[in-house]
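Engineer:
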Amino acid sequence: MKEPLIEVKDLQIYFKQKSSRLFSLKSDHLKAVDNVNLTIQKGETFGLVGESGSGKSSIGKAILRYYNPTAGEIYYKRTEIGHMKEAQLLPYRKKMQSIFQDPYSSLDPSRTIREIICEPMEIHKLYTSAERKERAAQLIEIVGLKKNDLLKYPHEFSGGQRQRISIARALSVQPEFIVCDEPISSLDVSLQAQIIHILEDLQEKYGLTYLFISHQLQVVQKICDRIGVLYLGNILETAPSETLYKNPIHPYTQLLMSSILFPDPRIKTLDQIVIDSGVQKRVASGCKFQNRCPYCMEKCRSEVPALKEVAPEHWVACHRYTN
Amino acid sequence: MSTFLEINDLEVSFYSELGETKAVKNASFHIEEGEIFGIVGESGSGKSVAMKSILKLLPANSKIKSSTVLFEGKDILKLKEKQLRSIRGKDISIVFQDSLTALNPVYTIGSKLIEFIMRNHKMTKAEAKLRAVELLSAVGITDPEKHLKSYPHELSGGMRQRVMIAMSISSNPKLMIADEPTTALDVTIQAQILHLLRSLQREYGMSIILITHDLGVVAQICSRIAVMCGGYVVEEGTTEDIFYHPLHPYTQALIASMPKPGSETFVPFLERPVSDEAGSLCPFLSRCRYANSHCEECLPEFYQDNAKHFIRCHRKGGPL
Amino acid sequence: MSENLLKNIKVGFKGNKIAVIGATAIIILTLASIFAFLYPIAPNAISVTDRLTAPSFRHPFGTDDMGRDYFTRCLYGGRASLLVGFMSMILSTLIGVVIGSISGFIGGKIDALLMRLVDALMSLPTFLIMVVMNAYFDPGIKNVVLIIGFLTWMNIARIVRGETISLKEREYVIYSMASGQRKTQIILQHIIPNIMPTIIVSATINIANSILMESALSFFGLGIVPPTASWGSMLSKAQGYIATAPHLAFFPGLLILITVISFNYLGEVARKIFQPK
Numbered sequence: 000m001k002e003p004l005i006e007v008k009d010l011q012i013y014f015k016q017k018s019s020r021l022f023s024l025k026s027d028h029l030k031a032v033d034n035v036n037l038t039i040q041k042g043e044t045f046g047l048v049g050e051s052g053s054g055k056s057s058i059g060k061a062i063l064r065y066y067n068p069t070a071g072e073i074y075y076k077r078t079e080i081g082h083m084k085e086a087q088l089l090p091y092r093k094k095m096q097s098i099f100q101d102p103y104s105s106l107d108p109s110r111t112i113r114e115i116i117c118e119p120m121e122i123h124k125l126y127t128s129a130e131r132k133e134r135a136a137q138l139i140e141i142v143g144l145k146k147n148d149l150l151k152y153p154h155e156f157s158g159g160q161r162q163r164i165s166i167a168r169a170l171s172v173q174p175e176f177i178v179c180d181e182p183i184s185s186l187d188v189s190l191q192a193q194i195i196h197i198l199e200d201l202q203e204k205y206g207l208t209y210l211f212i213s214h215q216l217q218v219v220q221k222i223c224d225r226i227g228v229l230y231l232g233n234i235l236e237t238a239p240s241e242t243l244y245k246n247p248i249h250p251y252t253q254l255l256m257s258s259i260l261f262p263d264p265r266i267k268t269l270d271q272i273v274i275d276s277g278v279q280k281r282v283a284s285g286c287k288f289q290n291r292c293p294y295c296m297e298k299c300r301s302e303v304p305a306l307k308e309v310a311p312e313h314w315v316a317c318h319r320y321t322n
Numbered sequence: 000m001s002t003f004l005e006i007n008d009l010e011v012s013f014y015s016e017l018g019e020t021k022a023v024k025n026a027s028f029h030i031e032e033g034e035i036f037g038i039v040g041e042s043g044s045g046k047s048v049a050m051k052s053i054l055k056l057l058p059a060n061s062k063i064k065s066s067t068v069l070f071e072g073k074d075i076l077k078l079k080e081k082q083l084r085s086i087r088g089k090d091i092s093i094v095f096q097d098s099l100t101a102l103n104p105v106y107t108i109g110s111k112l113i114e115f116i117m118r119n120h121k122m123t124k125a126e127a128k129l130r131a132v133e134l135l136s137a138v139g140i141t142d143p144e145k146h147l148k149s150y151p152h153e154l155s156g157g158m159r160q161r162v163m164i165a166m167s168i169s170s171n172p173k174l175m176i177a178d179e180p181t182t183a184l185d186v187t188i189q190a191q192i193l194h195l196l197r198s199l200q201r202e203y204g205m206s207i208i209l210i211t212h213d214l215g216v217v218a219q220i221c222s223r224i225a226v227m228c229g230g231y232v233v234e235e236g237t238t239e240d241i242f243y244h245p246l247h248p249y250t251q252a253l254i255a256s257m258p259k260p261g262s263e264t265f266v267p268f269l270e271r272p273v274s275d276e277a278g279s280l281c282p283f284l285s286r287c288r289y290a291n292s293h294c295e296e297c298l299p300e301f302y303q304d305n306a307k308h309f310i311r312c313h314r315k316g317g318p319l
Numbered sequence: 000m001s002e003n004l005l006k007n008i009k010v011g012f013k014g015n016k017i018a019v020i021g022a023t024a025i026i027i028l029t030l031a032s033i034f035a036f037l038y039p040i041a042p043n044a045i046s047v048t049d050r051l052t053a054p055s056f057r058h059p060f061g062t063d064d065m066g067r068d069y070f071t072r073c074l075y076g077g078r079a080s081l082l083v084g085f086m087s088m089i090l091s092t093l094i095g096v097v098i099g100s101i102s103g104f105i106g107g108k109i110d111a112l113l114m115r116l117v118d119a120l121m122s123l124p125t126f127l128i129m130v131v132m133n134a135y136f137d138p139g140i141k142n143v144v145l146i147i148g149f150l151t152w153m154n155i156a157r158i159v160r161g162e163t164i165s166l167k168e169r170e171y172v173i174y175s176m177a178s179g180q181r182k183t184q185i186i187l188q189h190i191i192p193n194i195m196p197t198i199i200v201s202a203t204i205n206i207a208n209s210i211l212m213e214s215a216l217s218f219f220g221l222g223i224v225p226p227t228a229s230w231g232s233m234l235s236k237a238q239g240y241i242a243t244a245p246h247l248a249f250f251p252g253l254l255i256l257i258t259v260i261s262f263n264y265l266g267e268v269a270r271k272i273f274q275p276k
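Residue numbers (numbering that gives the first Met the number 0), protein chains in the order written: chain A, 0 to 322; chain B, 0 to 319; chain C, 0 to 276.
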């Protein structure tokens, strides 16, 4: 029985930008997220992939209400939280936690590890001070570090260890949902596997739901159940992980898949890559991919294609598939 | 094929108020003409420092100790600055990772490119301009004339990287050193830049040394690979050997930790200690599951598995 | 953090002999001022017979025009100067940090407003304002501290605002905000501790400036008035006796010089210690 944990409807996140024209009173908008719809089921790992400028990080931050939606709604178990006031939002913040990308800036260098892990518990006024310290000790061991690491400072740890501390911090308030925003991209290749392992373990143990944001296609394939492909603020395709890799339908997804460099000298993929202009250009109307798409039609320039289910669970936003 | 770049026993240290840091403890490379040679390793393994040192591009507080770098038979470490400058940027060119900081923001890319061209060839400015347009096309930049007037910040990351590559091939170099050329780029652009590098290599017949931590990159375009760890080269071999017959425990763990389509699990890897503890012993000592007393006594020498496969390990591929 | 700090302090002072001398000088001067009461001769003890004597064994710095021992007066004068310098620094740093961090963190219209205020205040001729304000308020240490404090916070505010803006984007701040932490708590727990190095460096330089300002004020007969000694007022008095008793100008002048330079060097060392990049 599928139970949607997070639902995002027609989400728009626009940032005001100073107009580049000299005498203009109006400010331009950077449309970081432009009408995104997605649903994350309880217990699944939903992947959001895209390149720079795709808006994937903004979606994560909007769900966490770090950004406020310019338009659209965000639902947590069918309660609208996108427009909730701070006071009512606090209990929801406890259920949603986050892990970010840069291990060197995700932990406050002036605080001890214990203080860092206890912070969310303090914010949500959970437990007594003594109980928090005990909980921090348990959590640090769950992520594979030692109790006496609690009194040390972040700079005494490596990148991989810091990410583990971030995970311990996120777990401290027993969340249901965690936004993982490029949690392994800044780590050495050899450590990435380890963090993924921990995340998968914890998901099983605590029944967590993940939104996994990444640009690393191979990694996403391994740990995500379903994946959404973003380009310049729009979702172009959503499908179960295996399907997306075996049968990518949208031209952009195909481009992405063909760009994967397999770490296997016997599988030469470089000869099959699609050569295109490689330039991401924001357009005023129509499909965001129009300038790079080999199948671009008239309609593509004027009308934004809507996401349509072309196969079970497989949604594509492309005019070639509109009936 | 002749060995046209031979780096022997390279040792590079940095000096600061806190003492000496040995970035490269001992590394040797033999690059053949016309090949794409990959150097992989974690951050801090010394791969970047090693390559910058041969062109003496390191900061003043560094020192290269006792090494010979033979380029086409001449020891370039012993050259005077003036002679080195004629090789740098001409016979050996280098492409950096961060194109935004590598390109001077106050000059248009056209002016810089033309300057590069004229430095290496006797041409008039008009001729150099034509050549610049040619080069920009060769690296896949559309509207090359228009882009001559662009400033670095006006271009996307991928385009800047192409401009850097155009500058580095402008002198028809015999060797190009590319230091993490695609790490900062988007996935789709990354593949295209690599494709470009490979086609340029075929067209111009130059050798490329590609420094990266990305095994996918080396698997696709390198013919031979050196694996660096903690300032040492621990294994060197053909790409096939490294991926299918890795013999050093570090390489084995690295290959095993890659997410491969079809395989089920990741194999976790031990964490590198924050401080440099190994000193002059095997750099993988603290993390190696086969380590024993011999490893704690002395640094292993290289042993040879086949004509091109060298491994620095006491284990010699089998149980000790 | 603390062992790293000690290491950094050692490194900071290592190559810099002048800084070590400067730090020692300040420590000596501060201790001397505090323990001035131990010196047997009182600062205000007038002696008509001993006027304007040159430095001697009994009076190491000589005597002034009222026969008062100059050495003691310099010690007590140091008290006033250092006290004013220190207290004004505290006041202006407090104001500067509060305004700078709030402005930088909240941004938007509040930031714009506060920064325009800073711009306006900085464009005023500080010294003249001080002179004017001094005319309205009673002389005395308290008012001098208030006046200097309220007119020198702007620089710190700007610097703190700049650092706050860059720290605001750090992932640990983003995390705290996404977790529901209140803005005031974030500024107190995450922003300020991490800009302490900058604050300390600015504060150290601020003391030097405050001491100079106090000296200038009392030189013009404002600020601290006799009979309380102050290096500035002593200098002022000494003007009339430059030819006959140069030691009256020399000693307070030298002390001001040493103190100000030492604090400036200390600021440099503080920068080296706390911002070892």
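No residue lacks a Cβ here, since even glycine has one placed at the ideal position from N, Cα and C.
Note that the structure is a prediction, hence the values are computed from the model and not measured.
1. Going by DSSP, name the residue or residues bridged to PRO3 of chain A.
2. For SER325 of chain A, return the contacting residues in chain B, with the cut-off set at a CB-CB distance below 9 Å.
3. For VAL48 of chain A, write down the residues that DSSP places opposite it in a beta bridge.
4. In terms of residues, what are the limits of the beta strand (DSSP E) holding GLY236 of chain B?
5. With a threshold of 8 Å between beta carbons, is LEU193 of chain B in contact with chain A?
6. Please report the residue range of the beta strand (DSSP E) in which MET86 of chain C lies.
7. Going by DSSP in three states, PHE36 of chain C sits in which element: helix, strand or coil?
8. Measure the C-alpha to C-alpha separation of SER42 of chain B and HIS293 of chain B and round it to an integer number of angstroms.
9. Are there 16 or more other CB atoms within 10 angstroms of the CB of LYS276 of chain C, so buried, or fewer, so exposed?
10. Please go through the same chain and pick out, in chain order, the residues whose beta-carbon is closer than 8 Å to the beta-carbon of MET129 of chain C, but skip the five residues on each side of it.
11. Mind checking whether ILE177 of chain A and ALA169 of chain A have CB atoms under 8 Å apart?
12. Which residue wins for smallest C-alpha separation from ASN208 of chain C, given the options C:MET65, C:MET88, C:GLY61?
13. Give me the Cα-Cα distance between ILE176 of chain B and GLY88 of chain B, rounded to the nearest whole angstrom.
14. Of all Cβ atoms in chain A, is any one closer than 8 Å to the Cβ of GLY107 of chain C?
15. Residue range of the beta strand (DSSP E) that PHE28 of chain B falls in?
16. Return helix, strand or coil for MET95 of chain A, following the three-state DSSP convention.
17. Output yes or no for whether 8 Å exceeds the beta carbon distance between SER169 of chain B and ASN119 of chain B.
18. When the Cα atoms are used, what is the spatial distance from VAL39 of chain B to VAL19 of chain C?
19. Determine the extent of the beta strand (DSSP E) in which ALA70 of chain A is found, giving its start and end residues.
20. Within its chain, find whatever has a CB closer than 8 Å to the CB of LYS148 of chain B; leave out the 5 residues flanking it on each side and keep chain order.
21. Tell me, please, which residues DSSP counts as bridged to VAL35 of chain A.
22. Quick check: what's the CA-CA separation for GLY144 of chain C versus SER229 of chain C?
23. Using three-state DSSP, classify SER56 of chain A as helix, strand or coil.
24. Taking only three categories from DSSP, how would you classify CYS292 of chain A?
25. What does DSSP give as the partner residues of ILE63 of chain B in its beta bridges?
26. I think ASP180 of chain A touches PHE99 of chain A, with their Cβ atoms under 8 Å apart; what is that distance to the nearest whole Å?
27. Do ILE206 of chain C and SER80 of chain C count as a contact pair if the criterion is CB distance below 8 Å?
28. Have a look at B:PHE3, B:GLU10, B:ILE6 and flag the residue whose alpha-carbon is nearest the alpha-carbon of SER279 of chain B.
29. Quick check on this structure: which residue in B:LEU174, B:SER52, B:THR181 has the alpha carbon closest to the alpha carbon of MET158 of chain B?
30. Report the partner residues of CYS179 of chain A according to the DSSP bridge assignment.
31. Give me the Cα-Cα distance between ARG110 of chain A and MET95 of chain A, rounded to the nearest whole angstrom.
32. Around the C-beta of MET166 of chain B, are 16 or more other C-beta atoms found within 10 angstroms, so that it is buried, or is it exposed?
33. If you draw a straight line from the C-alpha of GLU323 of chain B to the C-alpha of GLN303 of chain B, how long is it?
34. Anything in the region 109–135 of chain A with a Cβ closer than 9 Å to a Cβ of chain C? List those residues in chain order, please.
35. If I follow the unbroken alpha helix (DSSP H) through MET153 of chain C, where does it start and stop?
36. How about ILE12 of chain A and PRO90 of chain A: are their beta carbons less than 8 Å apart?
Structural biologist: With the given structure in hand:
1. For the purposes of this step, residue 3 of chain A is taken as the residue at position 4 of the first sequence. Looking at the DSSP assignment, PRO3 of chain A forms a beta bridge with A:GLN40.
2. As displayed, chain A neither begins before 0 nor continues past 322, which places residue 325 of chain A out of reach and without an answer.
3. If you number the first sequence from 1, residue 48 of chain A lands on position 49. Looking at the DSSP assignment, VAL48 of chain A forms a beta bridge with A:SER213, A:VAL228.
4. Reading the second sequence from its first residue, position 237 is the one you call residue 236 of chain B. Note, GLY236 of chain B: beta strand (DSSP E), 231–237.
5. Here the question's residue 193 of chain B lines up with position 194 in the second sequence. Yes - at least one Cβ of chain A is within 8 Å of the one on LEU193 of chain B.
6. Numbered from its first residue, the third sequence carries residue 86 of chain C at position 87. Taken as a continuous stretch (DSSP letters only), MET86 of chain C belongs to no beta strand (DSSP E), being part of the alpha helix (DSSP H) at 69–105.
7. Reading the third sequence from its first residue, position 37 is the one you call residue 36 of chain C. Three-state result, PHE36 of chain C: helix.
8. Here residue 42 of chain B corresponds to residue number 43 of the second sequence, with the count starting at 1. Here residue 293 of chain B corresponds to residue number 294 of the second sequence, with the count starting at 1. If you take the alpha carbons of SER42 of chain B and HIS293 of chain B, they lie about 27 Å apart.
9. Within the third sequence, the letter at position 277 stands for residue 276 of chain C. Note that LYS276 of chain C scores 47 on pLDDT, short of 50, meaning its location in the model is unreliable and no value can be drawn from it.
10. In the third sequence, residue 129 of chain C corresponds to position 130, counting from 1. ILE146, ILE147, LEU150, MET212, LEU216, LEU221, listed in sequence order.
11. Residue numbering aside, residue 177 of chain A sits at position 178 when the first sequence is read from its first letter. Residue numbering aside, residue 169 of chain A sits at position 170 when the first sequence is read from its first letter. Yes.
12. As a first step, residue 208 of chain C is located in the third sequence; it is residue number 209 there, counting from the start. Comparing Cα-Cα distances from ASN208 of chain C to each of C:MET65, C:MET88, C:GLY61, the minimum goes to C:MET88.
13. In the second sequence, counting from the first residue as 1, residue 176 of chain B sits at position 177. In the second sequence, counting from the first residue as 1, residue 88 of chain B sits at position 89. C-alpha separation (whole angstroms): 10 Å.
14. Position 108 of the third sequence, counted from the start, is the residue given in the question as residue 107 of chain C. No, its Cβ sits nowhere closer than 8 Å to a Cβ of chain A.
15. Translated into the one-based positions of the second sequence, residue 28 of chain B becomes position 29. Element bounds for PHE28 of chain B: 18–31.
16. As a first step, residue 95 of chain A must be located in the first sequence, where it is residue number 96. Residue state, collapsed to three classes: strand.
17. Residue 169 of chain B sits at position 170 when you count from the first residue of the second sequence. Residue 119 of chain B sits at position 120 when you count from the first residue of the second sequence. Contact: yes.
18. If you number the second sequence from 1, residue 39 of chain B lands on position 40. If you number the third sequence from 1, residue 19 of chain C lands on position 20. So the two alpha carbons sit approximately 47 Å from each other.
19. In the first sequence, residue 70 of chain A corresponds to position 71, counting from 1. Where ALA70 of chain A is concerned, the enclosing beta strand (DSSP E) stretches over 70–75.
20. As a working mapping, residue 148 of chain B is identified with position 149 in the second sequence. For LYS148 of chain B, where only same-chain residues beyond five positions count, the Cβ hits under 8 Å are THR107, GLY109.
21. Your numbering for residue 35 of chain A matches position 36 in the first sequence. Bridge partners of VAL35 of chain A: A:LEU10.
22. Counting from one through the third sequence, the residue named residue 144 of chain C turns up at place 145. Counting from one through the third sequence, the residue named residue 229 of chain C turns up at place 230. Gly is not the amino acid found at residue 144 of chain C; the sequence shown has Val there. C-alpha separation (whole angstroms): 14 Å.
23. Start at 1 with the first residue of the first sequence, and residue 56 of chain A comes out as number 57. Residue state, collapsed to three classes: helix.
24. Counted from its first residue, the first sequence places residue 292 of chain A at position 293. Three-state result, CYS292 of chain A: coil.
25. Numbered from its first residue, the second sequence carries residue 63 of chain B at position 64. ILE63 of chain B pairs with B:VAL11.
26. Start at 1 with the first residue of the first sequence, and residue 180 of chain A comes out as number 181. Start at 1 with the first residue of the first sequence, and residue 99 of chain A comes out as number 100. Right, the Cβ-Cβ distance comes to about 5 Å (below 8 Å), so this counts as a contact.
27. Position 81 of the third sequence holds residue 80 of chain C. Position 207 of the third sequence holds residue 206 of chain C. Cβ atoms of SER80 of chain C and ILE206 of chain C: not closer than 8 Å.
28. The sequence position of residue 279 of chain B within the second sequence is 280, counting from 1. If we check each option's Cα against that of SER279 of chain B, B:GLU10 comes out closest.
29. Position 159 of the second sequence holds residue 158 of chain B. Nearest C-alpha to MET158 of chain B: B:THR181.
30. To locate residue 179 of chain A, count along the first sequence from 1; it is residue 180. Answer is A:ILE98, A:PHE211, bridged to CYS179 of chain A.
31. Counted from its first residue, the first sequence places residue 110 of chain A at position 111. Counted from its first residue, the first sequence places residue 95 of chain A at position 96. Using only the alpha carbons, I get a separation of about 23 Å.
32. Here residue 166 of chain B refers to the residue found at position 167 when the second sequence is read from its first residue. By the 10 Å Cβ count, MET166 of chain B comes out buried.
33. Beyond the ends of chain B as shown, which are 0 and 319, falls residue 323 of chain B; an answer cannot be given.
34. SER109, ARG110, THR111, GLU114, ILE115, GLU118, PRO119, GLU121, ILE122, HIS123
35. Along the third sequence, read from residue 1 onward, the residue named residue 153 of chain C stands at position 154. Segment 153–167, the alpha helix (DSSP H) holding MET153 of chain C.
36. For the purposes of this step, residue 12 of chain A is taken as the residue at position 13 of the first sequence. For the purposes of this step, residue 90 of chain A is taken as the residue at position 91 of the first sequence. The answer is no: Cβ separation not under 8 Å.
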